[in-house]
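Each remark here refers to the structure printed beneath this line.
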Amino acid sequence: MSVFGESAHHDVAAYALGVLDLEDVQGFELHLAACAQCRVELEELRELPGLLDEVKSESHRTRQ
Ligand SMILES: [Zn+2]
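Numbering-wise (this note's numbering), the sequence shown opens with residue 1171 and increments by one.
Now the structure itself:
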C-alpha cells in the first residue's frame, strides 16, 4: 500500500517547518506512523537549533 508513496518522504522538512497545508499534515502524519525513516529524519530536523522557531514565527507574521 502506497497512498502517499515516495512523495510523502519529501514532506518531512516541510512538516517540521510547519508549512504544510492541514490536509498534507494529516496525510503526512499517517505516513509518519508507518515510516521509521521519516520519524528519524524528523527528529534530526527538530534538533536544528532555533531554526524552526524562527521560520514559524516568520510565516505567522507574513500571514497576518
Ligand atoms: Zn517516509
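In this text, a Cβ means the ideal position worked out from N, Cα and C, and glycines have one as well.
Compute the minimum distance between the beta carbon of residue 1184 and the heavy atoms of ligand 1, and state whether it is under 7 Å. Taking the sequence shown and counting its residues from 1, the one referred to as residue 1184 is at position 14. Checking every heavy atom of ligand 1 against the Cβ of residue 1184, none is found closer than 7 Å.
Is residue 1203 near ligand 1, with its Cβ less than 7 Å from a heavy atom? Here residue 1203 is taken as the residue at index 33 of the sequence shown, counted from 1. Every heavy atom of ligand 1 is 7 Å or more from the Cβ of residue 1203, so no.
Taking 7 Å as the line, does the beta carbon of residue 1207 fall inside it for any heavy atom of ligand 1? As a first step, residue 1207 must be located in the sequence shown, where it is residue number 37. Answer for residue 1207: yes, Cβ within range of ligand 1.
Taking the CB atoms as reference points, tell me whether residue 1202 and residue 1209 lie closer together than 8 Å. Position 32 of the sequence shown, counted from the start, is the residue given in the question as residue 1202. Position 39 of the sequence shown, counted from the start, is the residue given in the question as residue 1209. Judged by beta-carbon spacing, residue 1209 lies within the 8 Å limit of residue 1202, meaning their Cβ atoms are closer than that value.
Euclidean distance between Cα positions of residue 1204 and residue 1191: Translated into positions along the sequence shown, residue 1204 becomes position 34. Translated into positions along the sequence shown, residue 1191 becomes position 21. Those two C-alpha atoms are separated by around 20 Å.
Leaving out five residues before and five after residue 1178 in sequence, what residues of the same chain have Cβ atoms less than 8 Å from its Cβ? One-based indexing of the sequence shown puts residue 1178 at position 8. Hits under 8 Å: 1197, 1198, 1201, 1205, 1208.
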